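Inspection log for the structure reproduced underneath, given as structure tokens.
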Amino acid sequence: MDSGKSPNSLDRFSSFMTEVEALRPSLLGLDSFRGLKVEIERFRSFMAELDKFKLLLAEMDRFRTFFLSEQDRMKSLMAEMERFSGVIAEVERLRPFMGELDSFRASLDELERFKSFMAERKP
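Residues in the sequence shown are numbered consecutively from 15, following our numbering.
So this is what it looks like as structure tokens:
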């Protein structure tokens, strides 16, 4: 044969087709299996949706982790602000003395000028 098939394989194919034809009446009862096929497709679709849901849950978990780390950072910043507000309160408490300190500096500057002046006058 030119097709490259041996008579043996043709006989086997013929035999297979005969078996298929013999099973044809029982294949007509496969409507229930077609329903099963539809259910399998529904299940596959459900599994695909479940995979999407799993991805969404993983994304939500990453966001929760990020949010918790940001929350910890905010707590740290709030503690720092609380400490800083204590510093501001201390500065406000000392503000009345700032005028006196400026006056004292001016007096020291005047004293330095006087000392320089006296040092120049010494023979």
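C-beta: ideal position from N, C-alpha, C; glycine also. Since this is a predicted model, take the numbers as computed values, not measurements.
In angstroms with no decimal places, state the Cα-to-Cα distance between Phe80 and Arg107. Whole-angstrom Cα-Cα distance: 40 Å.
Does Lys136 come out as helix, strand or coil in the three-state DSSP assignment? coil
If you draw a straight line from the alpha carbon of Arg97 to that of Phe77, how long is it in whole angstroms? 30 Å
Look at the alpha carbon of Met15 and the alpha carbon of Ser29, and state the distance between them as a whole number of angstroms. Residue confidence for Met15 is low, a pLDDT of 45 falling below 50, so the modelled location carries little weight; the figure read from the coordinates is stated next. So the two alpha carbons sit approximately 19 Å from each other.
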